[in-house]
Structures are given as structure tokens and as C-alpha cells.
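Letter by letter, the sequence shown follows residues 1 to 210 of the UniProt record's numbering.
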Amino acid sequence: MVEIVGSDDRERPGLRERKKRETRIALSWAAIQLTVERGWDNVRVEDIAAAAGVSPRTFNNYFSSKGEAIAARHVERAYAIAAELRAQPADKPLWEAVTDAALSQFALGLEARGETSDERTAGLKLMLAEPALQAEFAKAYMAAEAEFAEVVAERTGTDVTTDLYPRLVAGAIGVAISAVTQQRLHTPDVPIEQLIREAFGRLAAGLTAP
């Protein structure tokens, strides 16, 4: 007997993956929001799970700690930028493609929605300076740069294992994103788009002295 698989059955794996990604993003955002509002020591896994509308057990299925959940935002955005970079026209200049890819993802975040009150900015600074988060951020940056290097190698016809260029560019992209994020905290009135264009514009120009 031949089993007929309906379209709903074929779509389920994709829908499940999308649901898992949405849950992961919701947990990461909840961890960030609560930590910014309350401070690192005043946020529990149970609080994050409740804010995201899931159980603590579900949280533990995605993350091993609240620090990992917070750092996951950087990894998620880096993967989204890398995916957008892959989708850019092959004949578009590299740094122009990188700029457009980054703009497409930062435009979706809180950085572009004007949520930059003094209280929130102070909370973000405290969160980013939290020693307990540094190891998680370091892992996040490494994962992001590895993903960028793969995409740069694809676009430039280089080899990520034998050529220096893709890793150099990937490192520059990662540093630029980090610099933009930090600068945003100190100049909240400057549009995020302006900071991104300036950062990658300087890299494209060879990072000459100002």
C-alpha cells in the first residue's frame, strides 16, 4: 500500500524549525530585556521563560544559561546578516553587499526603533560589562566570524581554510558590528543606519586615518 503524503505533512518539518527559531529568538529577547530592566543578579531562568510564554524546561532545551540566551542574539543576527549577504547579487561590490546585509538586519532590532532612553542605555551598558557574560560573548563572536568567513569565501572565490582574506574580512565585519553597537550606546541620537554606513564605508576605503 502506498502512503500518500499530503502537503501539510511535507510542510511540517519546516514549520517546526521556524517555530523553534521563533522560540529561541523570543527567549533571547526576553533575557536581554529583563536583564536590562532588572540587572543581571535579579533575573532567573524562570523569569525569562515566563516572559517568553514557555516553561523553564523549554528554556533549558534551548540554552544552558541566561548568559548563553543573551549572547544568542548576536549569533542569531550574525547568521541572518550572513544569509542576507549570500542573497546579495554576485556582481555587487563586497563592502556594499556587506553594508546592505547589515542594514537589513539592524533595521529589525531595537537599535533602529528609538528605544534608547537613558535608563535603557544605562542598563545595556551594565549588561554588556557583566563579567559572567564575557565568555558567552567570546563564543558568540567566534561563531559569527566563522559564518562570515564562509560567506566571504563563497563571494570572492577564496578558500576559508587556505586563504587569509576571508578570515580577515570576517574579523573586520565582526569588529565593525561590535563597534557600531558600542558607539550606539554613547551616541543614541545618531541613527543606526548612519553608524553602519560609516563603519563599513571606512573599511571599504582601507580604514585610512580620519
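Glycine included, every Cβ here is placed at the ideal spot set by N, Cα and C.
Note on Gln-105: 16 or more other CB atoms within 10 angstroms of its CB, so buried under the neighbour-count rule.
A Cβ-Cβ separation of about 13 Å leaves Gly-67 out of contact with Ala-129 under the 8 Å criterion.
Per the coordinates, the alpha-carbon of Asp-41 lies some 21 Å from the alpha-carbon of His-74. Runs of the alpha helix (DSSP H) lying entirely within the UniProt domain "HTH tetR-type" (21-81), each at least 4 residues long, are 45-52 and 56-62 in chain order. Counting along the chain, the unbroken alpha helix (DSSP H) around Asp-100 starts and ends at 94-106. Contact between Ile-70 and Phe-59 is ruled out by a C-beta separation of about 12 Å, above the 8 Å threshold. In the three-state reduction of the DSSP assignment, Gln-88 falls in the coil class.
If you draw a straight line from the Cα of Ala-176 to the Cα of Gln-182, it comes to about 10 Å. Counting only unbroken stretches of 4 or more residues, the alpha helix (DSSP H) elements lying wholly within the segment 126-188 are 131-156 and 165-186, in sequence order. Segment contact: the segment 139-155 against the segment 85-98, three or more CB-CB distances shorter than 8 Å; contact assigned.
Nearest in C-alpha terms to Leu-27, of all of Leu-15, Pro-93, Leu-168 and Arg-44, is Arg-44. Cβ contact annotation for Tyr-79 (same chain, cutoff 7 Å, sequence separation greater than five): Glu-147, in chain order. Scanning Arg-24, Tyr-165 and Ala-135 for the CA closest to the CA of Arg-77 turns up Arg-24.
Annotation for Ala-170: Glu-145, Phe-148, Ala-149 and Val-152 place their beta carbon closer than 7 Å to its own, counting only its chain and skipping 5 residues before and after. DSSP places Gly-201 inside the alpha helix (DSSP H), whose first and last residues are 192-204. Distances from the CA of Glu-17 to each of Ala-135, Ser-55 and Tyr-62 were compared; the closest alpha carbon is that of Tyr-62. Here the alpha carbons of Leu-195 and Glu-37 stand approximately 25 Å from one another. Looking only at Arg-21, Ala-51, Lys-19 and Ser-55, the smallest Cα-Cα distance to Leu-34 is reached by Ala-51. Looking from the CA of Pro-56, the closest CA among Ala-205, Glu-22 and Glu-46 belongs to Glu-46.
Excluding its 5 nearest sequence neighbours in each direction, Leu-103 has C-beta neighbours in its own chain below 7 Å: Glu-193 and Ile-196, listed in chain order.
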